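Student: Pasting a structure here, questions to come.
Protein chains: 2
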Amino acid sequence: MSDAPSARGPSVRKIPDGDTHERLVCAECGYVQYDNPKIVVGAVCAHEDRLLLCRRAINPRKGYWVFPAGYLELNEAVEAGALREVREEAGIEVALDGLLAVYTIPRISQVQIIYRARLSDPHLAPGPETLEARLFRWDEVPWEELAFPTVHWALRHHREVADLAHFAPRANPPGETADYIKKTASP
Amino acid sequence: MSDAPSARGPSVRKIPDGDTHERLVCAECGYVQYDNPKIVVGAVCAHEDRLLLCRRAINPRKGYWVFPAGYLELNEAVEAGALREVREEAGIEVALDGLLAVYTIPRISQVQIIYRARLSDPHLAPGPETLEARLFRWDEVPWEELAFPTVHWALRHHREVADLAHFAPRANPPGETADYIKKTASP
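Here it is as structure tokens:
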């Protein structure tokens, strides 16, 4: 064991034998640390002709509106994660009825897996990460106060498939990487 | 700074304030390490009525057959990752023409995002992780020598949608979590 604490753990940046990318490697034991993209799961939830949005109580983008979404947990199925996020943020149970979209935001190594869902009961009970949860008709959506580009994408994609029983899920719009934060007016 | 090297880094298992799950936390600085599920991207690739399979040159399941797939890299879009894996393992360029399936294997915290793809040129050039790459007609597929349950699922799901221009992607078959390795005959 080395006496230099700084040498412990994966701290040397190199391309391991047989690999194609740089990784953090432990100089002592050769352990390779693989960092991986993160998965966000969520759902655009409709009740009749209204869409569920939650106003964020936390940063980033506190005070702005999103559909329920968050990081998939270890040992959790993607569908179960989406249902959990809806439950945690809006306090409701929904039924998933299709995979709406798979988006990638390469700059932050994030993949978003977004389902289409339906509410049977419109009684909302926001959790601690949500200032307010509301159902909006299309022409009431606070477009200038949406938190992230992917919220714009997902709402538009939901509208395209709202009346379809079966549909191919959407991906990033052409040319869009979401590698920016859209400038929006303050709420 | 503590003199006890063992106390450095995220080494204490606890539920951080405001969180719902146990994480590894640094006792010194409070840093919280979030471990996340990993994303595998891949593609079931067809050339006319034949499907591409690669025989694995690496463990796990060395010598068994898979469709091209592997871990998504940091800063990589999911579609780009699937194309890269096909290129690395079979030495070919394909066109993705639909999202075939999103599977979760909760036991190993893995999400598989699998596309449907077409080869224009059937000349295969296997890479270092592949012993052999071949195109199989349906009745030639080495069912007893497939590497993982998700390979079975994806081939069957591909067959269901092979003639459809637009289709909803598949998920785990009912009751299936892939939390086992199917017993298969030796090759």
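Going down the list, the protein sequences come from chains R and S.
In my numbering, each residue carries its 1-based index in the first sequence increased by 278.
In my numbering, each residue carries its 1-based index in the second sequence increased by 278.
Idealized CB from N, CA, C, for every residue including glycine.
This one's a predicted model, so the numbers in the text were calculated from it and none came from an experiment.
Below 9 Å on C-beta distance, what does Val290(R) contact in chain S?
Tutor: Within the first sequence, residue 290(R) is the residue found at index 12, counting from 1. Those within 9 Å of Val290(R) in chain S number zero; the least Cβ separation is about 16 Å.
Student: Am I right that Pro257(R) and Gly320(R) are in contact with their C-beta atoms under 8 Å? What's the rounded C-beta distance?
Tutor: This structure cannot speak to residue 257(R), because chain R is shown only from 279 to 465.
Student: Return the bridge partner residues of Pro288(R) from the DSSP annotation.
Tutor: Working through the first sequence from its first residue, we reach residue 288(R) at position 10. In the DSSP output, where bridge partners are listed per residue, Pro288(R) has Cys304(R).
Student: Rounded to a whole number of angstroms, what is the C-alpha to C-alpha distance between Ala466(R) and Leu352(S)?
Tutor: Nothing about residue 466(R) can be reported from this structure: the residues present for chain R run from 279 to 465 only.
Student: Would you please verify whether the beta carbon of Ile392(R) is less than 8 Å from any beta carbon of chain S?
Tutor: For the purposes of this step, residue 392(R) is taken as the residue at position 114 of the first sequence. Closer than 8 Å: no.
Student: Quick check: Asp295(R) and Arg385(R), are their CB atoms within less than 8 Å of each other?
Tutor: For this step, residue 295(R) is matched to residue 17 along the first sequence. For this step, residue 385(R) is matched to residue 107 along the first sequence. Contact flag unset, no.
Student: Roughly how many angstroms lie between the CA atoms of Pro465(R) and Leu409(R), to the nearest whole one?
Tutor: Along the first sequence, one-based indexing puts residue 465(R) at 187. Along the first sequence, one-based indexing puts residue 409(R) at 131. The predicted position of Pro465(R) is uncertain, since its pLDDT is 34 and thus under 50; no value can be drawn from it.
Student: Going along chain S, which residues have a C-beta under 8 Å from Glu454(R)?
Tutor: Residue 454(R) sits at position 176 when you count from the first residue of the first sequence. Correct list: empty, because the minimum Cβ distance to chain S is about 11 Å.
Student: Give the residues of chain R in contact with Pro384(S), contact being defined as C-beta atoms less than 9 Å apart.
Tutor: Within the second sequence, the letter at position 106 stands for residue 384(S). Within 9 Å Cβ-Cβ: Leu352, Asn353, Glu354, Ala355 and Ala358.
Student: In angstroms, rounded to a whole number, what distance separates the CA positions of Arg362(S) and Glu367(R)?
Tutor: Taking the first residue of the second sequence as 1, we reach residue 362(S) at position 84. Taking the first residue of the first sequence as 1, we reach residue 367(R) at position 89. Cα to Cα, the separation comes out at about 36 Å.
Student: Suppose you measure from the CA of Gln388(R) to the CA of Val322(R); what does that come to, to the nearest Å?
Tutor: Position 110 of the first sequence, counted from the start, is the residue given in the question as residue 388(R). Position 44 of the first sequence, counted from the start, is the residue given in the question as residue 322(R). So the two alpha carbons sit approximately 18 Å from each other.
Student: Which first and last residues belong to the beta strand (DSSP E) in which Gly376(R) is found?
Tutor: Position 98 of the first sequence holds residue 376(R). Element bounds for Gly376(R): Val372 to Ile383.
Student: In this structure, what does DSSP give as the bridge partners for Thr408(R)?
Tutor: Translated into positions along the first sequence, residue 408(R) becomes position 130. Answer is Arg334(R).
Student: So, using beta-carbon positions, are Leu442(S) and Leu330(S) closer together than 8 Å?
Tutor: For the purposes of this step, residue 442(S) is taken as residue 164 along the second sequence, with counting starting at 1. For the purposes of this step, residue 330(S) is taken as residue 52 along the second sequence, with counting starting at 1. Going by C-beta atoms, Leu442(S) is not nearer than 8 Å to Leu330(S).
Student: So, does the CB of Ala449(R) fall closer than 8 Å to a CB anywhere in chain S?
Tutor: Within the first sequence, numbered from 1, the residue matching residue 449(R) stands at position 171. Closer than 8 Å: yes.
Student: When the Cα atoms are used, what is the spatial distance from Tyr381(R) to Pro288(S)?
Tutor: For this step, residue 381(R) is matched to residue 103 along the first sequence. For this step, residue 288(S) is matched to residue 10 along the second sequence. Looking at the two C-alpha atoms, the distance is approximately 31 Å.
Student: If you count every other CB in all the chains shown that lies within 10 Å of the CB of His436(R), and 16 or more means buried, which is it?
Tutor: Translated into the one-based positions of the first sequence, residue 436(R) becomes position 158. The residue is buried, with at least 16 neighbouring Cβ atoms inside 10 Å.
Student: Below 8 Å on the Cβ atoms is my guess for Asn314(S) versus Ile317(R); work out the distance and round it to an integer in Å.
Tutor: One-based indexing of the second sequence puts residue 314(S) at position 36. One-based indexing of the first sequence puts residue 317(R) at position 39. Indeed, because the Cβ distance is near 7 Å, the residues count as touching under 8 Å.
Student: Which residue from Thr298(S), Pro452(S) and Asp417(S) puts its Cα closest to that of Arg328(S)?
Tutor: Walking along the second sequence from the start, residue 328(S) turns up at place 50. Taking only the C-alpha atoms, the option nearest Arg328(S) is Asp417(S).
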